[in-house]
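Novice: Right, I'll just put the structure down here and ask away after.
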Amino acid sequence: MQVRFCGVRGSTPAPGIDYVRYGGHTCCLALSHDNSDTPTLVLDAGIGLRAVTRALDGQPFTGTILLTHLHWDHMLELPFFAAGDRPDAKTTVLLPEQEDRRDAVSVLEHIMSPPYFPIRPAQLRGEWTFDNVGPGEHAIEGFTVLVREIPHKGGRTFGYRISDRRSTLAYMPDHCPTMLGPGEHGFGQYHPAALELAHEADLLVHDAQLFPHELAAEASFGHSVADYAVELASRAHARSVALFHHRYDRSDDALDQLAQRLGRDTPGEDGPTVTVAAEGAVVQL
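Encoded structure:
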């Protein structure tokens, strides 16, 4: 499995010279099977979705976009997806099943229709299919995807465990474990859903928006401390963890400091490999 980091920022894009090395685009990963560089499964549709169009190099997208939740930073680029908004493209969009069981199109139309946006989902060019996905195991684009609900503020949010039978990716970009209590370190509970998704994963991509000294003031925003992500990976015996969903005002220098504090080049008895996710990175699992 090839994992391409197309956008690693959270909440809102971060343009400017202070955000060049790690990137300012919001959440998006593109997954390809081992025998191809062509992405067929995309996780979230933040501004990083633009990089999927570039990766396709003029070809139409044929595949699935799987959304973790419906906050703007995870789906705002969807109607601007050039590789999908063309007559020869075929795109499926899967979003978390809402508690009121509304159909996917009506949910998306709340933020993609006049007067908020000039067109509705059904007016995109190409062949588009919109549907809900619920907890459980699903077959999507040749991958096996385990879906679990995880705590996050302001709408139903899923984490995903994606396998191609040879390698496994766990993806929890927005996760607020303190909603379940402080846990033993004060960073939140290491709860069953998170541990199941991350169990022996080759790569865990996890929310690391907060630093420990910020948690008291900002935990109510719905995100994790970077240290929680590393400890979760260690407890779940994941082989590596990529710290993700960087705060919009977190500069390159500040992320360098995070890498110096928590980074680890090789796995060991004390835990997994730890990297700070950067836009444009490609990882072969």
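Numbering-wise (my numbering), the sequence shown opens with residue 133 and increments by one.
Just so you know, even glycine gets a beta-carbon here, dropped at the ideal spot from N, CA and C.
All values reported here derive from a predicted model rather than from experimental measurement.
Around the C-beta of Leu-260, are 16 or more other C-beta atoms found within 10 angstroms, so that it is buried, or is it exposed?
Specialist: Against the sequence shown, residue 260 aligns to sequence position 128. Per the sequence shown, residue 260 should be read as Trp rather than Leu. Buried, by the Cβ-count rule.
Novice: Have a look at Leu-394 and Val-362 and give me their C-alpha separation to the nearest angstrom.
Specialist: In the sequence shown, counting from the first residue as 1, residue 394 sits at position 262. In the sequence shown, counting from the first residue as 1, residue 362 sits at position 230. About 8 angstroms.
Novice: Between which two residues does the beta strand (DSSP E) harbouring Thr-194 extend?
Specialist: As a first step, residue 194 must be located in the sequence shown, where it is residue number 62. Element bounds for Thr-194: 194-198.
Novice: State the DSSP-derived secondary structure class of Ile-149, mapped to helix, strand or coil.
Specialist: Within the sequence shown, the letter at position 17 stands for residue 149. Note: Ile-149 maps to helix in three-state DSSP.
Novice: Within a Cβ cutoff of 6 angstroms, which residues of the same chain sit near Ile-197, ignoring the five residues on either side of it in sequence?
Specialist: Locating residue 197 in the sequence shown gives position 65, where the first residue counts as 1. Cβ neighbours of Ile-197 beyond the five flanking positions: Val-174, Ala-177, Val-225.
Novice: Cβ of Gln-341 within 8 angstroms of Cβ of Gly-142?
Specialist: The residue given as residue 341 occupies position 209 in the sequence shown. The residue given as residue 142 occupies position 10 in the sequence shown. Yes. Within cutoff.
Novice: Could you check whether Ala-409 and Val-337 sit closer than 8 angstroms to each other, using their CB atoms as the reference points?
Specialist: Translated into positions along the sequence shown, residue 337 becomes position 205. Translated into positions along the sequence shown, residue 409 becomes position 277. Against a cut-off of 8 angstroms, the Cβ pair of Ala-409 and Val-337 comes out as a contact.
Novice: Should Phe-376 go down as buried or exposed, given a rule of 16 or more other Cβ atoms within 10 Å for buried?
Specialist: Here residue 376 corresponds to residue number 244 of the sequence shown, with the count starting at 1. Phe-376 is buried by the Cβ-count criterion.
Novice: Could you tell me whether the stretch 308-317 touches the stretch 381-388, where touching means 3 or more Cβ pairs closer than 8 angstroms?
Specialist: Because the criterion of three Cβ pairs below 8 angstroms is not met, the stretch 308-317 and the stretch 381-388 do not touch.
Novice: Between which two residues does the beta strand (DSSP E) containing Ser-372 stretch?
Specialist: Here the question's residue 372 lines up with position 240 in the sequence shown. Looking at the DSSP string, the run of the beta strand (DSSP E) that includes Ser-372 is 372-376.
Novice: Pull up the distance between the alpha-carbon of Pro-246 and that of Leu-208, whole angstroms please.
Specialist: Here residue 246 is taken as the residue at index 114 of the sequence shown, counted from 1. Here residue 208 is taken as the residue at index 76 of the sequence shown, counted from 1. Computed Cα separation, rounded: 15 angstroms.
Novice: Would you list the residues sitting across from His-201 in a DSSP beta bridge?
Specialist: Your numbering for residue 201 matches position 69 in the sequence shown. Its beta-bridge partners do not exist; DSSP assigns none.
Novice: Determine the closest residue to Leu-387 out of Glu-281, Ala-374, Gly-287, with distance taken between C-alpha atoms.
Specialist: In the sequence shown, residue 387 corresponds to position 255, counting from 1. With distances taken between Cα atoms, Leu-387 lies closest to Ala-374.
Novice: Compare the beta carbon distance of Phe-262 and Pro-211 with 8 angstroms and say whether it is the shorter of the two.
Specialist: Counting from 1 along the sequence shown, the entry for residue 262 is found at position 130. Counting from 1 along the sequence shown, the entry for residue 211 is found at position 79. Cβ distance not < 8 angstroms, so Phe-262 and Pro-211 don't count as in contact.
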